[in-house]
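Worksheet: the structure to be examined is printed underneath.
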Amino acid sequence: MNNELTQSELLELVTLANRPNANPRVQKITARIVGDLFRAIDELDIQPDEFWAGVDWLSRLASSGQAGLITAGLGFDRLLDIRLDEADERAGRNAGTPRAIEGPLYIAGAPLSKYEARVDEEGDEKRGETMVMEGRVLDVKGNPVANAVVDVWHANELGRYSHFDPDQAEYALRRKIETDAQGRYRFRSFLPPGYAIPPNSPTSELFSAIGRHGNRPAHIHFLVVAPGLRTLTTQVNVPGDSFIDDDFAFATRDGLILTLEKNTSPKGYESLGVNEPFTRVPFDFVMQPAVDEGEAAPQARVAKALALA
Ligand code: MBD
Ligand code: FE
48 MNNELTQSEL LELVTLANRP NANPRVQKIT ARIVGDLFRA IDELDIQPDE FWAGVDWLSR
108 LASSGQAGLI TAGLGFDRLL DIRLDEADER AGRNAGTPRA IEGPLYIAGA PLSKYEARVD
168 EEGDEKRGET MVMEGRVLDV KGNPVANAVV DVWHANELGR YSHFDPDQAE YALRRKIETD
228 AQGRYRFRSF LPPGYAIPPN SPTSELFSAI GRHGNRPAHI HFLVVAPGLR TLTTQVNVPG
288 DSFIDDDFAF ATRDGLILTL EKNTSPKGYE SLGVNEPFTR VPFDFVMQPA VDEGEAAPQA
348 RVAKALALA
């Protein structure tokens, strides 16, 4: 056998050999990505030092847990949403609340309450502008959805998320709220600030090298699950943020910018500990019917990905 290989012979050996126990989907994707990288190295004349610097960066990226941060910043998360939106458009399933990226900071298992919750803690009045967000979960025909679970998470006053921040309690600023018989939910918290990628990290290193900032506008995340309806992952934005149209993760969408009703009377909100004028934030979630069980399954993203493997 001749072991002197050309580039294309090498690629074929690495990827295309018809191995009997291969997973054909994984084999195909691997062949394509490795082939594209071989070509990039050749066409861009990537030098060994550059290549190994990249490998070192990838190792540091993975060990710092920032793989899901870089995918958002490089537009992959939004790309997947654009593709889902295109499929919805073709299938006539584009009505309802727009989807927006989950991001890397969701944690399953937040405490559950019925109808209403404090997402902040008692005594948190000083952390930001007190708000109560409230509305209904509806299907696309406008029927209220009882027993939908609205899973909400947002950053603290420093732009940090619990679980990823040793200074916060587990599940701080993370709650699940089950809608009542009229499909209603409400919760009290404070308007969070924006988010910035960690400085001196693999992500910030790449971002400064490509001349981009790492800021996200102020936002609140939701994962809404209801029987028979397609799970909705979305985010809403606090209006007025200077990064609202320049999001590091490209997640801002029309229809997801909140309306703030300042100076709302506290009457009727006593059970949330509100006793002075506050900012009311009305918002309804409108959900598509699920076409199969998978669409309605409240599985986390990683569990879903593993189920596909
Ligand atoms: C966030 O808070 C976020 O929502 C995303 C998508 C990426 C990084 C931080
Ligand atoms: Fe976020």
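Just so you know, the numbering used here puts 138 at position 91 of the sequence shown, and the rest follows in order with no gaps.
The C-beta atom is built at its ideal place from N, Cα and C for all residues, glycine as well.
Query	Result
For GLY182: DSSP bridge partner residues	TYR232
Shell residues, 6 Å Cβ cut-off relative to heavy atoms of the ligand FE	GLY150, LEU152, TYR242, HIS266 and HIS268
For PRO158, the three-state DSSP class (helix, strand or coil)	coil
Candidates LYS75, ARG277, LYS314 and GLY287, of which the one nearest ALA142 by Cα	ARG277
Distance, LEU60 Cα to ARG300 Cα	45 Å
Closer than 7 Å: ARG263 CB and nearest the ligand MBD heavy atom	yes
From GLU204, GLU181, ILE154 and ALA193, residue whose alpha carbon lies closest to that of GLY175	GLU204
Heavy atom of the ligand MBD within 7 Å of GLU202 beta-carbon	Sequence inspection shows Ala at residue 202; the Glu mentioned does not correspond to that position. True, at least one ligand heavy atom lies under 7 Å from that Cβ.
Close beta carbons around THR62, own chain, < 8 Å, minus the five adjacent residues each side	GLN74, THR77, ALA78, VAL81 and GLY82
Range of the contiguous alpha helix (DSSP H) that encloses ILE412	An answer regarding residue 412 cannot be provided, because it is not within the stretch 48 to 356 covered by the chain.
Inter-residue spacing [alpha-carbon to alpha-carbon] between PHE254 and ARG107	15 Å
Other residues of its chain near GLN113: CB distance less than 7 Å, five sequence neighbours each side excluded	SER248, PRO249 and THR250
Every unbroken alpha helix (DSSP H) inside the region 218-289 [4 residues or more]	249-256
Nearest-angstrom beta carbon gap, GLN335 and LEU303 [assumed within contact, 8 Å]	That belief does not hold up - the Cβ atoms of LEU303 and GLN335 are roughly 16 Å apart, past 8 Å.
Backbone CA spacing between GLU133 and LYS309 [nearest angstrom]	37 Å
For GLU90, the nearest candidate out of GLN54, LEU116 and GLU136 (CA to CA)	GLN54
Check: ALA114 C-beta below 7 Å from any heavy atom of the ligand MBD	no
Outcome for LEU185 when other beta-carbon atoms lying within 10 angstroms are tallied against a minimum of 16	buried
ALA298 beta carbon near the ligand FAD (any heavy atom closer than 7 Å)	Here the bound small molecules are the ligand MBD and the ligand FE; the ligand FAD is not part of this structure.
CA-to-CA distance, GLU169 to THR144, given in whole angstroms	31 Å
Classification of LEU152 by the beta-carbon crowding that lies within 10 angstroms, buried from 16 upward	buried
Heavy atom of the ligand MBD within 7 Å of ILE148 beta-carbon	yes
CA nearest to the CA of ALA344, picked from GLY315, GLY275 and GLY115	GLY275
Opening and closing residue of the alpha helix (DSSP H) in which ASP83 lies	71-90
Through-space distance from VAL199 to LEU159, alpha-carbon basis	10 Å
Straight-line gap, ASN194 to LYS223 (C-alpha atoms, nearest Å)	11 Å
Counted within 10 angstroms of its Cβ, other Cβ atoms place GLU56 as buried (16 or more) or exposed	exposed
Check whether PRO329 and GLU149 have beta carbons under 8 Å apart	no
Whether GLY241 touches PRO213 by CB criterion (8 Å)	no
8 Å contact criterion, which LEU305 and VAL321 should meet: CB distance rounded	The Cβ separation is near 18 Å, so there is no contact.
Inter-residue spacing [alpha-carbon to alpha-carbon] between PRO67 and GLY258	46 Å
Chain-order list of residues whose beta-carbon lies under 8 Å from that of TRP104 (same chain, five-residue window excluded)	PRO249, GLU252 and LEU253
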